[in-house]
């Protein structure tokens, strides 16, 4: 047993976050940790990594287990360069390498040969250290750094770049690269796929498949979990439960459990209602008062079943349409994207594509290629031009991944109501409730919300737009698995046209009917979902390989 948790409790400001958490992880196992936002997943990882204390329980970790922990914040040293930060992983090798150079200098000194015994001791020390250095891949450290940096998308960035000049996404990727270099026995990853494009995601997935250690991972990337993990622990209402299998198997098992639990919950609620009704009718009657009091005691002893969270999935969310657009929604022809306001440096030229009513198109491509730039170009050019021609009766709804349009000074309810003053408060509250903003939650300030909560507010506003064309920039970022599934269902039932950017392969697979791949030379169209896209790319590579062989 590599890791065992027994009865772990954790409180914050008197509120219990984790309750009686028990977990067993064997060496070499790949384990996913899931739960809604705020369930305590990151807290549990920090406890296991020794970053924060726990209040009750026991943790047993096998002796000499080396732990690598990827925080949601990078933990990097801003003043170092990329190369120095990566090389710090090999401080133990660098120290031995320094000693080897010193021993080489001593052996090369003619004066050392006058004492044969000392010279032999020096030779033996050198041989032992040299063997250890080779066995620990001392001569491979530079190659390892380059391989992992290239895989994590740093091939175009100089290793002399100072870390404080990197973006948040680049820092996350660099922190992950550093942990992979450490080759720990237990790899603890908190949202490792954030800020990764599809190419880097695929590389990381393949790397982790060949990783020889144990992996404990929190991720909202269902495709990633499906590919990687062999068991799932779910944290729900402060407690943890284990499911055998990958994410899809977990969903299947969870649905069966929820069905059973829902029936028990309904039956118990019916029994409680009958008992309460009996007590109310008989508590004041002299002849039946004793019986009613006994019923009350019986009622107090009942261990009540919480309403299953799975029942919330029956919530029906929809993106209504005020009026249908014409069949031809947009025609983009020979559009160029520029990296500066002066239009002097072009990112991409020759962007040409069309969309028709009902299309659900995913835009993919590496980070920095210009996906968000393109979608903003479409949003800001609603008037017909030579390059962008919108169809008749088009009404656009735009989702900005940065939620820049939200007013941080307003409450949730004020923010939505200010933009939609003609809507009834009850309707707005209902939609907010569907996105898990209940009761007093609607009075929280936007400035106090998490990324996931801001995303849910922005999606609420998008629903009220009643647009027939949705332009979505990373709509699943910051959403937990539960909310993603609600959103997917709403978009699948949407009768309008969708153009969206996403790195969530599961989401693309479920929603997209077409994929546009953005490249420096323009865009390439692929019919179907993400799996169809991968098959098409694989087939193209095979054809290219055959053609190349025939030309030789």
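In this note's numbering, the protein residues as written are 13 to 564.
Glycine is no exception: its CB is placed at the ideal position from the N, C-alpha and C atoms.
Only a predicted model underlies this, so the values are computations on that prediction, with no experimental measurement involved.
| Check | Outcome |
| --- | --- |
| Using a threshold of 8 Å, state whether the C-beta atoms of residue 285 and residue 520 are closer than that. | no |
| If contacts are defined as beta-carbon pairs under 8 Å, then residue 34 and residue 252 qualify, I think. What distance do you get, rounded to the angstrom? | 7 Å |
| Based on DSSP bridge pairs, tell me the residues matched to residue 509. | 481 |
| Rank 50, 49 and 80 by C-alpha distance to the C-alpha of residue 63 and give the top, closest one. | 80 |
| What span of residues does the alpha helix (DSSP H) with residue 13 cover, start to end? | From DSSP, residue 13 is part of no alpha helix (DSSP H); its letter is neither H nor E. |
| Determine the DSSP secondary structure at residue 361, reduced to helix, strand or coil. | strand |
| Please report the distance separating the alpha-carbon of residue 548 from that of residue 511. | 21 Å |
| Could you tell me whether the Cβ atoms of residue 383 and residue 534 are closer together than 8 Å? | no |
| Look at residue 191 and residue 178 and say whether their C-beta atoms are less than 8 Å apart. | no |
| Residue 349 CB to nearest chain C CB: under 8 Å? | The question asks about chain C, but that chain is absent: this structure has only one protein chain. |
| Count the CB pairs spanning the stretch 37 to 48 and the stretch 479 to 490 that are closer than 8 Å, and state whether there are at least three. | no |
| Buried or exposed, going by whether 16 or more other CB atoms sit within 10 Å of the CB of residue 466? | buried |
| How is the alpha helix (DSSP H) around residue 117 delimited, first residue to last? | 103 to 120 |
| Assess, as a yes-or-no matter, whether the stretch 199 to 210 is touched by the stretch 100 to 119 under the definition of 3 or more beta carbon pairs within less than 8 Å. | no |
| Relative to the C-alpha of residue 132, which candidate in 242, 507, 119 and 14 has its C-alpha closest? | 119 |
| In the DSSP assignment, find the unbroken beta strand (DSSP E) run with residue 147 in it and report its ends. | Where residue 147 is concerned, there is no enclosing beta strand (DSSP E), although the alpha helix (DSSP H) it sits in stretches over 128 to 147. |
| Where residue 13 and residue 74 are concerned, what is the direct C-alpha to C-alpha distance, given to the nearest angstrom? | 7 Å |
| Give me the Cβ distance between residue 97 and residue 186, rounded to the nearest whole Å; I'm assuming they're in contact under 8 Å. | 7 Å |
| Hey, which unbroken runs of the alpha helix (DSSP H) at 4 residues or more fall wholly within the stretch 422 to 474? | 424 to 431 and 437 to 446 |
| Can you list, in chain order, the residues of its chain with a C-beta nearer than 7 Å to that of residue 544? Leave out the 5 residues immediately preceding and following it. | 538 |
| Thinking C-beta only, is residue 344 closer than 8 Å to residue 365? | yes |
| Report the option in 455, 522, 379 and 452 whose CA atom is closest to the CA atom of residue 531. | 379 |
| Using C-beta distances below 7 Å, list every residue in its chain close to residue 239, excluding the 5 sequence neighbours before and after it, in chain order. | 217 |
| What are the partner residues of residue 36, as DSSP defines its beta bridges? | 16 |
| If you scan the stretch 362 to 426 from start to end, which runs of the alpha helix (DSSP H) of 4 or more residues do you find wholly inside it? | 383 to 392 |
| Could you give the first and the last residue of the continuous alpha helix (DSSP H) run that contains residue 58? | 53 to 60 |
| By the 10 Å Cβ neighbour count, where 16 or more other Cβ atoms means buried, how is residue 234 classified, buried or exposed? | buried |
| Does the stretch 272 to 286 come into contact with the stretch 64 to 72, if we say contact requires no fewer than three beta-carbon pairs (one atom in each stretch) closer than 8 Å? | no |
| Would you say residue 193 and residue 169 are within 8 Å of each other, going by their C-beta atoms? | no |
| Please look up how many angstroms separate the CB atoms of residue 524 and residue 505, rounded, as I've assumed it's under 8 Å. | That belief does not hold up - the Cβ atoms of residue 524 and residue 505 are roughly 15 Å apart, past 8 Å. |
| Taking the alpha carbon of residue 388 as the reference point, which residue from 368, 225 and 414 has its own alpha carbon closest? | 414 |
| Just to confirm the assignment, what range does the alpha helix (DSSP H) spanning residue 259 have? | 259 to 294 |
| Going by DSSP in three states, residue 180 sits in which element: helix, strand or coil? | helix |
| Could you tell me the boundaries of the alpha helix (DSSP H) in which residue 303 lies? | 301 to 313 |
| If we ignore side chains and look at the alpha-carbon of each, how far apart do residue 61 and residue 340 end up? | 55 Å |
| Where residue 271 and residue 264 are concerned, what is the direct C-alpha to C-alpha distance, given to the nearest angstrom? | 11 Å |
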